[in-house]
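If you read the sequences in order, they're chains A and B. If you read the first sequence in full-length UniProt numbering, its first letter stands for residue 1, the second for the next number, and so on. If you read the second sequence in full-length UniProt numbering, its first letter stands for residue 1, the second for the next number, and so on. Glycine residues also receive a C-beta, built at the ideal position from the N, C-alpha and C atoms.
Protein chains: 2
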Amino acid sequence: MIRASEDNEYYELTSPTILPKASGFLWNEKMMIHMNCRGYAVAQFMQPEPGKYSYAPNLEAKTFMQPEQPYYAHHPGRFVYVKDEVSGEIFSAPYEPVRVLPDKYTFSVGKHNIVWKIEHHELLIEMSLSLPKEDPMELWRVKVTNLSPKNRKLSIYPYFTVGYMSWMNQSGEYKEDLQGIVCSAITPYQKYQDYEKIKNLKDKTFLLADQEPSAWEVNQEAFEGEGGIPSPSAIRGEMLQKGESRYESPVAVLQYRSEMEPGEEREYRFIFGPAHDEAEIDQIRRQYFIDKNAGGQDGFALAELEYAEYVSEGRGCIEIQTPDADLDNFVNHWLPRQMYYHGQTNRLTTDPQTRNYLQDNMGMSYIKPEMARAAFLTALSQQEVSGAMPDGIILHKDAELKYINQVPHTDHCVWLPICLSTYLDETNDFTILEERVPFADSEELESVFEHITRAMHWLMKDRDERGLNFINQGDWCDPMNMVGYKGKGVSGWLTIATAYAFIIWADICEKGDRVNIAEEFRLAADETNAVVNQYLWDGEWYARGITDDNVVFGISKDQEGRIFINPQGWALLSGAADEEKQEKLIQAVKEQLETPYGVEKLAPSFTSMREDVGRVTQKHPGTAENGAVYNHAAAFYIYGLYAVGEKENAYRLLRKMLPGPDAEDILRRGQLPVFIPNYYRGAYRQFPHTAGRSSHLFNTGTVPWVYRCLIDGLFGLQGTKEGLQVKPQLPSNWQEVTVKRIFRGAVLHIDMKRNSGVATTEVYVNGKYIEDGIIKDLKSAAEYKVLVKIPS
Amino acid sequence: MIRASEDNEYYELTSPTILPKASGFLWNEKMMIHMNCRGYAVAQFMQPEPGKYSYAPNLEAKTFMQPEQPYYAHHPGRFVYVKDEVSGEIFSAPYEPVRVLPDKYTFSVGKHNIVWKIEHHELLIEMSLSLPKEDPMELWRVKVTNLSPKNRKLSIYPYFTVGYMSWMNQSGEYKEDLQGIVCSAITPYQKYQDYEKIKNLKDKTFLLADQEPSAWEVNQEAFEGEGGIPSPSAIRGEMLQKGESRYESPVAVLQYRSEMEPGEEREYRFIFGPAHDEAEIDQIRRQYFIDKNAGGQDGFALAELEYAEYVSEGRGCIEIQTPDADLDNFVNHWLPRQMYYHGQTNRLTTDPQTRNYLQDNMGMSYIKPEMARAAFLTALSQQEVSGAMPDGIILHKDAELKYINQVPHTDHCVWLPICLSTYLDETNDFTILEERVPFADSEELESVFEHITRAMHWLMKDRDERGLNFINQGDWCDPMNMVGYKGKGVSGWLTIATAYAFIIWADICEKGDRVNIAEEFRLAADETNAVVNQYLWDGEWYARGITDDNVVFGISKDQEGRIFINPQGWALLSGAADEEKQEKLIQAVKEQLETPYGVEKLAPSFTSMREDVGRVTQKHPGTAENGAVYNHAAAFYIYGLYAVGEKENAYRLLRKMLPGPDAEDILRRGQLPVFIPNYYRGAYRQFPHTAGRSSHLFNTGTVPWVYRCLIDGLFGLQGTKEGLQVKPQLPSNWQEVTVKRIFRGAVLHIDMKRNSGVATTEVYVNGKYIEDGIIKDLKSAAEYKVLVKIPS
């Protein structure tokens, strides 16, 4: 069974086999961990290096996370073996590695912890994982309860995988004085210049216990023996052998041997994580365990509490009650949490892609706008004098642009006004525009106004003779790295997005009393839209781009990649599409891209390399950019639908994107409804069997845009310079909704109701009719009662 | 039980549990594969990229091979599940993944194939692996024999792991027309410049069968189900489900369901490997399978035969019969095979380290001298005009210097005369010295004489004011990357080795009629030895070097790294050590470095970073360069002992290095005696429990030096300009040995016998006494009978 807990703090699964990949994730300032219901650590990453402290048993490529990831028997994980010392029977919690189906099983994905409850052989095993607020380490509780009416002789064996830490130097041993296992590794380096970077890494792995174990094992091979991981030879014996590891794969296993009376409970607590040296581990032990044992404060429980508070700070600015209870649950509880994760951690990277950094912080405008503000200034201080934005934003002095950030993309400037506008909507803080920041290549300070205007001018110049924007080696959401690397190819989407950015910037300039600039960019937007319609309209929809060799693609005569969602969604926003074109492209999207699982990114998916398009066409059909239901792109399309008042279409697609509690839907997607993944598998018309599956990746720019769809679109509660504009676009079958909206410190209790007596939407604040629907003069900390009458 | 087969073609193991890591390796021109007795593919690598075709199930770092490698349940492997359709019982051959101990078991590591024989439940399963001579693919035979007196209903399931091929694009399906499984993957790339490199990769993986299977499965997850790899759910069912893989980890499993009469045998044959496209796979199928089925030639059997012939070309130039039968077995069968592997494949790299390339080809002087000749010329054509040798030799136009070859080492020049001298000893081909080759930075041709003289001058100049050779970021065998990176630190070993290189070069020049040059370098060698004794002699042994900050290390006052083997062994060769020093250093080595498993590289092993020494001190104590019994270094010491006539010491240490058939010794080392590993674990005095273990890595420069120890030292059958010099140094307890020596085309049948009637060694050829012990005027293809009388 799959269900939300009554208090909405958890999502629960009651069998490890019906949804084998079900997972939850936790994060803090330094790390994230993604655990699945069977005990596998799907992904675990920390910043800075070494990135991991629990490794695959062989040399593993250090990856952050991978879509639709498979598991293997020795995948890193956290487990507890349980042995009945009388019968000799063995099982493991939560399920792996022994894979005995327990009598009862619950996997609860919470907001600030993840909990398993396993009942088997009249024993209850409860495991929970939490994190401290800042340190990269795991806080584990393991509670054992004897449910049987007789005394039990038991051994429990908490089993934390350590794995193959390093081919250069790895070892591990139990340290009496620390009451824990310490595994040591040396991070390899080749060049002496790299030594300074690696010498201070936290490349030790420790497991600390609050209770002295009866025995332990630190040698993976000795632990497993011929029994292997499903039935380790070492636990067939009476006591673990207290072994050590010397250039052998370490493992951290403890044995607690005890006799339990009927009803008796015992709780064990563990800390698992990385450290630089034993002094640091000792310091952790004192902070979390010792004080409590000495009668002082319980550092462990305190850290759990602090973490729960930290996560709860990630509240959004709306609380809704609609006819769709699942929507309410997701929007009130899980969506802001996911948005907060992005804004708070910048996805655990020290060089986030510029577009991600801006959008993730756009989301923070709803939660902690002061952080969004600081982030915008940071990004702009890395802009070039030419107006160009870099491919990634460097967040630490030692960071450098890595991986995809070394490949030049041309879209980064468009995100500046688009993301800033949300910050201004929420805060009305136009002072940010007067802030003066330097450039990457100049110490001279210029205002944010000037910075963004330069970015807009850069976009205006980085165009071909037709007025279409160059794509170089890529733009957002489609690493089409071969369309324009020769310097000629252009991006249809980017040209349309540029028109939209001009409009947004013109709006901001107008409100910011820069009327001349506003005028310039309104004109530029009109010209750009005209060019778009001249060169990119294919008759029923917009093309995706034109290659270096002047081949237009994403058009009706293409066999694969015939239609892309991005040019369509953004053409609704930029105003390029007039009503006739809007109707046509919406129809084309419905026919060619819409599926039971959402709107696909492009269709048909490419099944082989198209050399003039490049990398996206090498991705698996239906995944990532190649024809997946790529939620980030879909969110823009939905936002565009709201922009042109297509509220029924918009809500239908929005609902498909949000993971719901419908069991069949959950099984299809393979994911609990606690986050929006970056994609659901697409290529629905080509490979229906696999379509709809979740990528299981929770890093995605989708979330703030879904929030904007809710705020600006569905509930129509967007901020403006004057106040809060109320303009809901509820689906016609909704009779009533209530929304608690936190806005610039004020709290508005809004009741939206169908009313057959009104012809247009009418807004009343504390009983008073508001003529233009914009609620003005709101006072911080004050509460307001708002009634919205909507025509039936 | 562990034993050599009667015909010495195999080494055999008869239980998978007594030596769980026992392994054998095969190679051809494009790939190598290292299989262990349980079915794991320890290492598999091919050149060029993509390197692998059978992957770990998750994203695996692509490594060539790793020392003392651990395994995990899903490690890549080749297995056969066997199910009795009546009883439902399942086991697997060879042992993994089911891990049922069979009634009888044999693992036979052969020279040109690897064979397993498993008897269980009255069934005999025989598996064998061979390779074709050139193509990177595996040729498998699986034979099933019904040993029981009744009819049997069976399913056998050949199971070839494919694993997690690519996070970007992977799939797999059964192809009726190919009668096999084809798995497809796209190798990811980030930058468009890399696309040209990856577009032609063989990144498909195929399994072809010579007999039509009853069913198959291509989806790893579907195959395993909840049963997991030890008991896959799919084989619990009647028939495999004929599934496919779409962005899921592929696997290649076939099912053959059959009824077998008593005594009936069935053989299945498979080809497993990589290909660029299906056309190529079809071509392979036709070449290996179709012609046979059409009544034509049996391409499969032909390829096996060709491969056996190819391997048998790797014969050495001596065949011995001594009182030590195990020495005979290893030297006559396995040592030349390992040497041939190195010379033939250059360790499957396209940019071998210069010192490895020269030494591996030095070994080829004994097997295929024409290949050695070509290699020396190739290396010299990449020398700089300054005389400096590069860190790696580029063997393909697309190759580039990778990994460690990007770190500047200063020793490469010394290997030129040292390795060339063996070629000249064997061939007397002094014409090579007159060959004219260009430089890396100049098209101008110069003779090999001039090239090597420039290399010697480079060594003479790359020194500090004392006359000690700079170490920069490293020299051979000790990546001490921080001793001299500031440009001041010097290498004790390299200075000594330079003196030795000068002597060798002087000898060659003299024989090559360049008397003046010879004179120059003899003088230089004397001066160098004097400097060595002035600055590096520590009282009982030679220091290893002096750091940038003028700290002498590898000396008696050091707590760790007090003594290094390399300066000692080479001081015996260079003549730096007079008799008194020789005695002292040999005693120091005996006391501090000698262990039951051989001579350690340094002692005590470093247990923590020494920042002025660098990377070697970060390696695990007792491994690789940090205190292992590093056989390559040990071989030089032994060679040095022979050079000063220390024959008893030399043989004792030589014998410790060679893997023998003593069961206890094999268990300790964990390796069958079919190759010399690069190291046995050292740090014997610090961590005796783990000392002696084999690294299991068969890539090592050790082998040609062991051969030189045998030829130049033990049996004293070294070539000279005049002929074959006979000067054996047999251990005193050997009464008689016979050696068949192939030399410059002549075949000498040599009988060496103790004789109480002689005072010094006397040599007789075809009954005629040879005064100076040098057998001259040998005719190619002629046979000679040689008697050597050795004083008792």
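Can you list the beta strand (DSSP E) stretches of 3 or more residues lying completely in the region 47-105 of chain A, in chain order?
78-84, 90-93
Assuming A:P438 is part of the beta strand (DSSP E), what are its boundary residues?
If you number the first sequence from 1, residue 438 of chain A lands on position 438. First-last of the beta strand (DSSP E) with A:P438: 436-439.
Going by DSSP in three states, A:K776 sits in which element: helix, strand or coil?
The residue labelled residue 776 of chain A in the question sits at position 776 within the first sequence. Note: A:K776 maps to strand in three-state DSSP.
Bridge partners - B:M371, DSSP secondary structure assignment
One-based indexing of the second sequence puts residue 371 of chain B at position 371. B:M371 is not bridged to any residue.
Cβ of A:S249 within 7 Å of any chain B Cβ
Locating residue 249 of chain A in the first sequence gives position 249, where the first residue counts as 1. At least one chain B Cβ lies under 7 Å of A:S249.
Taking only three categories from DSSP, how would you classify A:H34?
Taking the first sequence and counting its residues from 1, the one referred to as residue 34 of chain A is at position 34. Note: A:H34 maps to strand in three-state DSSP.
Contact check, B:G343 vs B:E244 under 8 Å by CB: the rounded distance?
In the second sequence, counting from the first residue as 1, residue 343 of chain B sits at position 343. In the second sequence, counting from the first residue as 1, residue 244 of chain B sits at position 244. No, B:G343 and B:E244 are not in contact; Cβ-Cβ is about 44 Å, not under 8 Å.
Run through chain B and tell me which residues come within less than 9 Å of A:E226, C-beta to C-beta.
Working through the first sequence from its first residue, we reach residue 226 of chain A at position 226. Under the 9 Å cutoff, chain B gives T17, P20, R99, L101.
What residues from the region 668-690 of chain B come within 9 Å of chain A, judged by C-beta to C-beta, listed N to C?
R681, A683, F687, H689, T690
DSSP has B:D478 in a bridge; who is on the other side?
By one-based count along the second sequence, residue 478 of chain B stands at place 478. Bridge partners of B:D478: B:D475.
Residue nearest to A:I271 in terms of C-alpha spacing, selected from A:Y53, A:F687, A:R741:
For the purposes of this step, residue 271 of chain A is taken as residue 271 along the first sequence, with counting starting at 1. Considering only alpha carbons, the answer is A:Y53.
Where A:T623 falls, given that 16 or more other Cβ within 10 Å makes a residue buried
The residue you call residue 623 of chain A lines up with position 623 of the first sequence. Buried: at least 16 other Cβ atoms inside 10 Å.
For the region 155-173 of chain B, which residues have a beta carbon sitting closer than 9 Å to at least one beta carbon of chain A?
G163, Y164, S166, W167, M168, N169, Q170, S171
For A:T145, which residues does DSSP report across the bridge?
Taking the first residue of the first sequence as 1, we reach residue 145 of chain A at position 145. A:L124, A:E265.
Looking at A:K656 and A:G598, is the spacing between their C-beta atoms short of 7 Å?
Here the question's residue 598 of chain A lines up with position 598 in the first sequence. Here the question's residue 656 of chain A lines up with position 656 in the first sequence. The answer is yes: Cβ separation under 7 Å.
Coil, strand or helix - B:Q255 by DSSP:
As a first step, residue 255 of chain B must be located in the second sequence, where it is residue number 255. Looking at B:Q255 - three-state DSSP - the assignment turns out to be strand.
Just to confirm, is the Cβ distance from B:D441 to B:K486 under 7 Å?
As a first step, residue 441 of chain B is located in the second sequence; it is residue number 441 there, counting from the start. As a first step, residue 486 of chain B is located in the second sequence; it is residue number 486 there, counting from the start. Cβ atoms of B:D441 and B:K486: not closer than 7 Å.
Under 6 Å Cβ to Cβ from B:E510, same chain only, skipping five residues before and after it: list those, please.
By 1-based counting over the second sequence, the position of residue 510 of chain B is 510. Counting only Cβ-Cβ distances below 6 Å, and skipping sequence neighbours, we find A518.
Alpha helix (DSSP H) containing A:T495: first to last residue?
Numbered from its first residue, the first sequence carries residue 495 of chain A at position 495. A:T495 -> alpha helix (DSSP H) spans 492-511.
List the DSSP bridge partners of A:I181.
Counting from 1 along the first sequence, the entry for residue 181 of chain A is found at position 181. A:I181 is bridged to A:Y174, A:L207.
Name the residue from A:Y256, A:Q287, A:V437 whose alpha carbon lies nearest to the alpha carbon of A:G299.
Against the first sequence, residue 299 of chain A aligns to sequence position 299. Measuring from the Cα of A:G299, the nearest candidate turns out to be A:Q287.
Quick check: the Cα distance between B:G489 and B:G645, rounded to an integer number of angstroms?
As a position in the second sequence, residue 489 of chain B is number 489, starting the count at 1. As a position in the second sequence, residue 645 of chain B is number 645, starting the count at 1. Taking the straight line from one Cα to the other gives about 34 Å.
Quick check on B:W458: does DSSP put it in helix, strand or coil?
Mapped onto the second sequence, residue 458 of chain B falls at position 458. If DSSP states are grouped into helix, strand and coil, B:W458 belongs with the helices.
Please give the ranges of any alpha helix (DSSP H) in the region 688-742 of chain B, keeping only runs that are unbroken, at least 4 residues long and fully inside the region.
702-708
Between A:T761 and chain B, is there a C-beta pair that is closer than 7 Å?
Reading the first sequence from its first residue, position 761 is the one you call residue 761 of chain A. Not an interface residue.
Strand pairing of A:N755, partner residues [DSSP]:
As a position in the first sequence, residue 755 of chain A is number 755, starting the count at 1. A:N755 is bridged to A:P791.
For B:Q473, tell me which candidate among B:D464, B:G484, B:R463 has the shortest Cα-Cα distance.
Here residue 473 of chain B is taken as the residue at index 473 of the second sequence, counted from 1. Ranking the options by Cα distance to B:Q473, first place goes to B:G484.
Identity of the residues DSSP links to A:G392 by a beta bridge
Start at 1 with the first residue of the first sequence, and residue 392 of chain A comes out as number 392. In the DSSP output, where bridge partners are listed per residue, A:G392 has A:Q353.
Closer than 6 Å to a non-hydrogen atom of the ligand ADP - does that hold for the CB of B:N219?
No copy of the ligand ADP appears in this structure; indeed no ligand is present at all.
Could you have a look at B:R514 and say whether DSSP puts it in helix, strand or coil?
Taking the first residue of the second sequence as position 1, residue 514 of chain B is located at position 514. Residue state, collapsed to three classes: coil.
Do we get a CB-CB distance below 7 Å when we pair B:I544 with the residues of chain A?
In the second sequence, the residue the question calls residue 544 of chain B occupies position 544. According to the sequence displayed, residue 544 of chain B carries Arg and not Ile. No, its Cβ sits nowhere closer than 7 Å to a Cβ of chain A.
Using beta-carbon positions only, say whether A:S231 and B:P70 come within less than 7 Å of one another.
Position 231 of the first sequence, counted from the first residue, corresponds to residue 231 of chain A. Position 70 of the second sequence, counted from the first residue, corresponds to residue 70 of chain B. Going by C-beta atoms, A:S231 is not nearer than 7 Å to B:P70.
Pair within 7 Å by beta-carbon distance, B:K143 and B:E12:
One-based indexing of the second sequence puts residue 143 of chain B at position 143. One-based indexing of the second sequence puts residue 12 of chain B at position 12. Going by C-beta atoms, B:K143 is not nearer than 7 Å to B:E12.
How big is the Cα-Cα spacing for B:V82 and B:S128?
As a first step, residue 82 of chain B must be located in the second sequence, where it is residue number 82. As a first step, residue 128 of chain B must be located in the second sequence, where it is residue number 128. Distance between the alpha carbons of B:V82 and B:S128: 16 Å.
At the level of alpha carbons, what is the spacing between B:L787 and B:Q735?
As a working note, residue 787 of chain B is residue 787 in the second sequence. As a working note, residue 735 of chain B is residue 735 in the second sequence. Rounded to the nearest angstrom, the two C-alpha atoms are 13 Å apart.
Roughly how many whole angstroms lie between the Cα atoms of B:L139 and B:Q297?
Taking the second sequence and counting its residues from 1, the one referred to as residue 139 of chain B is at position 139. Taking the second sequence and counting its residues from 1, the one referred to as residue 297 of chain B is at position 297. Their backbone Cα atoms lie some 16 Å apart in a straight line.
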